[in-house]
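Residues 1225 to 1418, numbered by this note's numbering, are exactly what the sequence shown covers, in order. Here a beta-carbon is modelled for each residue, glycine too, at the ideal position from N, C-alpha and C. Reviewing the structure listed below.
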Amino acid sequence: MPAPLTTADRLLRAARTLFEREGAEAVSMRRVAAKAGVTPMAIYRHFESRDALLWRICDDSFEEIARHWQARAQGGDALQRVLATQRIYLDFALAHPHLFDYAFGIQRGQARRFPEDFRERRSPTLTVVADAVEDAMQAGVLRRDDAWDVAMTLWAHTHGLVALYRAGRFSLDERDFRAFYDASLQRLLRGLQP
1225 MPAPLTTADR
1235 LLRAARTLFE
1245 REGAEAVSMR
1255 RVAAKAGVTP
1265 MAIYRHFESR
1275 DALLWRICDD
1285 SFEEIARHWQ
1295 ARAQGGDALQ
1305 RVLATQRIYL
1315 DFALAHPHLF
1325 DYAFGIQRGQ
1335 ARRFPEDFRE
1345 RRSPTLTVVA
1355 DAVEDAMQAG
1365 VLRRDDAWDV
1375 AMTLWAHTHG
1385 LVALYRAGRF
1395 SLDERDFRAF
1405 YDASLQRLLR
1415 GLQP
């Protein structure tokens, strides 16, 4: 039998449910408290502000993506592992559109910055991508280059496509967009091959 959830866990679960269904604007301390079964003031024992609660949801989602990437990055062809990271990113963005929009659509002071924070391995997600890129370079399936710069290039490419799709800039349905996304990623990777 699993251990009962802590109050902080119940608050996070309630906030994430509201976030996923209705977006960040729906996450008020009063609504989260009601959903978690606590008083609004009780939230402040665990999260100093609404922003802190929202950023915790985002940080948890980055960790979630990283766990998926690490699970898929084991064994197999090195180039396929790089592709898998980018496909999982798309899956996450389309499954959790409000989180994607919030995490990457607003500026925040404590956000990790390229290159220093990433090279220090402070990004749970881009670290997995950079490691996969490095493995692909060592395997000879990608041209030798700076793995962090290549990882950022891949992320900028895939993120840009997802952001454009989320903003309604594609007339494609999801299935056709996924095909376009994959073909575009393949084109980019062909340019990075030896």
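Exposed or buried, residue i, counting other C-beta atoms within 10 Å across all chains shown (16 or more means buried)?
{"i": "residue 1240", "result": "buried"}
{"i": "residue 1356", "result": "buried"}
{"i": "residue 1254", "result": "exposed"}
{"i": "residue 1248", "result": "buried"}
{"i": "residue 1305", "result": "buried"}
{"i": "residue 1395", "result": "exposed"}
{"i": "residue 1230", "result": "exposed"}
{"i": "residue 1366", "result": "buried"}
{"i": "residue 1289", "result": "buried"}
{"i": "residue 1407", "result": "exposed"}
{"i": "residue 1382", "result": "buried"}
Closest by CA to residue i, which one among the options?
{"i": "residue 1309", "options": "1396, 1292 and 1250", "result": "1292"}
{"i": "residue 1328", "options": "1268, 1391 and 1305", "result": "1391"}
{"i": "residue 1412", "options": "1385, 1346 and 1233", "result": "1385"}
{"i": "residue 1281", "options": "1406, 1243 and 1335", "result": "1243"}
{"i": "residue 1361", "options": "1408, 1311, 1234 and 1302", "result": "1302"}
{"i": "residue 1338", "options": "1330, 1347 and 1259", "result": "1347"}
{"i": "residue 1285", "options": "1252, 1315 and 1399", "result": "1315"}
{"i": "residue 1414", "options": "1250, 1307 and 1228", "result": "1307"}
{"i": "residue 1335", "options": "1232, 1364, 1407 and 1278", "result": "1278"}
{"i": "residue 1261", "options": "1236, 1416, 1401 and 1246", "result": "1236"}
{"i": "residue 1363", "options": "1226, 1418, 1343 and 1379", "result": "1418"}
Quick check: does the Cβ of residue i come within less than 6 Å of any heavy atom belonging to the ligand COA?
{"i": "residue 1381", "result": "As far as ligands go, the structure on display features none, and thus does not contain the ligand COA."}
So, does the CB of residue i fall closer than 7 Å to a CB anywhere in chain D?
{"i": "residue 1248", "result": "No chain D is present in this structure, which holds just one protein chain."}
message = Taking contact to mean 3 or more Cβ pairs, one atom from each stretch, closer than 8 Å, check whether the segment 1339-1354 and the segment 1368-1382 are in contact.
response = yes
request  = Would you mind listing the alpha helix (DSSP H) stretches within the segment 1274-1303 that are 4+ residues and don't spill past its ends, in chain order?
outcome  = 1274-1296
Meets three-Cβ-pair contact criterion under 8 Å: the segment 1260-1277 and the segment 1313-1320 = no
query = Where in the segment 1368-1398 do unbroken runs of the beta strand (DSSP E), each at least 3 residues long, occur, reported from the N-terminal end onward?
reply = none
ask   = Curious, which full-length beta strand (DSSP E) runs of at least 3 residues does the segment 1306-1371 contain?
value = none
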